[in-house]
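Residue numbers (the numbering used here): -1 to 441.
Everything on this sheet refers to the single structure shown next.
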């Protein structure tokens, strides 16, 4: 099969060293493997956001954070501060440290191994491999310990625990049949990532699923070529054994979550994935370890009084109730922040979350563009379906399983069910029938 050009350029995903321009200034993205932040690191990021940026921090679907409104002249000082805080151990690998893990990693009572230790080792191995700096800033690795599920076919590589102290390697959701001990996980990830770089040559592919030969063939080829095992441990091939610990889906971790050590974690929603100054002040005040989740939420760990923690978060505007109207509602940066945006979708998403959608919330409040359409055909009829509001058809930041609500050039919104792409050019707004929230998986 001849090479197929997928893209002629590398992605423009921002980092700390290479910030990206936006209408409100430059954007810097700080990679947080596993979404981990110590109390000191959280405090430093809050200070940096206020000193150099807008004062707020945006969360991403890869459990990273973004600072907005930055000036070019401030980037060297920002990079120095981020490095000093231990959040950028390698400038050359700044953008490729995209590693997801469960928010209870190392504390999950249902886990089959310690994902936190593996997470640290995989991060170090990536940074120690000079050639892996060529990975796309969107290449994503997941570590699923058998507790809160995070593995997804949208990830490039997943370490999945099918049994105690054993990992299986999946490539874009396909089982490679590799089985190995946790100590061999870093070597397996480095080997698989190098195989992807070789397979993507001349194609421009950012992800394994984009390879011209297909993800399934890549996974099969990988499984047929065993990697060197530094520990010399056993590696039994074959499909993952089924067991009661395997899970078919997951919802965002919200509310009080028991830990394996007898303490508790508390999960909170972050409205539209943005931590404001008020939110940051409350989180810093807790003086606790924080995990950013792949669903743009936060989990505060190692609490002994979860009720008091929940109350503090709720008072700051970070809901801890799974029934919160903010659940499943996300948005891109929108008008005023992104030069491509056609509408203030964050305001519209807020009104949708609170049941006051500007577009067709009720017949008495119908706008001219909706006057000739039945109520069921308006974005206000989306109900509790997971929705991602975007200012243009690029649909940046779309979570898996969410219905897109896309601003159009003619002033309407188009609603696009999961798995479909927005219609190019101006078009009518259509909405699916109301339904229960779709599962949110990390993307």
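All C-beta atoms in this analysis are idealised placements derived from N, C-alpha and C, irrespective of residue type, glycine included.
Every value quoted in this text rests on a predicted model; they were computed, and no experiment measured them.
- Counting the other CB atoms within 10 Å of its CB gives residue 143 a total of 16 or more, which places it among the buried residues.
- Put simply, of 267, 71, 32 the residue whose alpha carbon is nearest the alpha carbon of residue 327 is 267.
- Secondary structure of residue 70 (DSSP, three-state): helix.
- For residue 283, the secondary structure class from DSSP, reduced to helix, strand or coil, is helix.
- For the beta strand (DSSP E) assignment, the uninterrupted runs of no fewer than 3 residues enclosed by the stretch 77 to 112 are, from N- to C-terminal side, 97 to 99.
- In the DSSP assignment, residue 139 forms a beta bridge with 97, 155.
- In the same chain as residue 352, and ignoring 5 residues on each side of it, the C-beta atoms closer than 7 Å to its own belong to 323, in chain order.
- The three-state secondary structure of residue 412, taken from DSSP, is strand.
- Contact between residue 265 and residue 297 is confirmed by a C-beta separation of about 5 Å, below the 8 Å threshold.
- Buried is the label assigned to residue 27, since at least 16 other Cβ atoms lie within 10 Å of its Cβ.
- Beyond the five residues adjoining it in sequence on each side, residue 320 comes within less than 7 Å, by CB distance, of 252, 253 in the same chain, given in chain order.
- With a cut-off of 8 Å on Cβ pairs, the stretch 72 to 86 is in contact with the stretch 46 to 58, counting three or more such pairs.
- Looking from the CA of residue 162, the closest CA among 177, 169, 171 belongs to 177.
- Proximity to residue 114 across 195, 43, 93, 100 peaks at 100, based on C-alpha coordinates.
- Residue 303 counts as exposed, since fewer than 16 other beta carbons sit within 10 angstroms of its beta carbon.
- Annotated three-state conformation of residue 165 is strand, per DSSP.
- Annotated three-state conformation of residue 187 is helix, per DSSP.
- Contact annotation: residue 32 and residue 289 have beta-carbon atoms nearer than 8 Å.
- For residue 265, DSSP records a beta bridge to 253, 297.
- With a contact defined as Cβ atoms closer than 8 Å, residue 96 and residue 139 qualify at about 7 Å.
- Around residue 313, the same chain offers no residue with a beta carbon nearer than 7 Å, after the five sequence neighbours per side are excluded.
- Secondary structure of residue 417 (DSSP, three-state): coil.
- Counting only unbroken stretches of 3 or more residues, the beta strand (DSSP E) elements lying wholly within the stretch 301 to 336 are 327 to 329, in sequence order.
- For residue 19, the enclosing beta strand (DSSP E) has its first and last residue at 18 to 20.
- DSSP places residue 174 within a strand segment (E or B) once states are collapsed to three.
- The beta carbons of residue 98 and residue 126 sit about 20 Å from each other, so the pair does not count as a contact at 8 Å.
- In terms of CA proximity to residue 175, 165 leads the group 55, 263, 200, 165.
- Fewer than three Cβ pairs drawn from the stretch 335 to 342 and the stretch 280 to 287 lie within less than 8 Å of each other, which leaves the two stretches out of contact.
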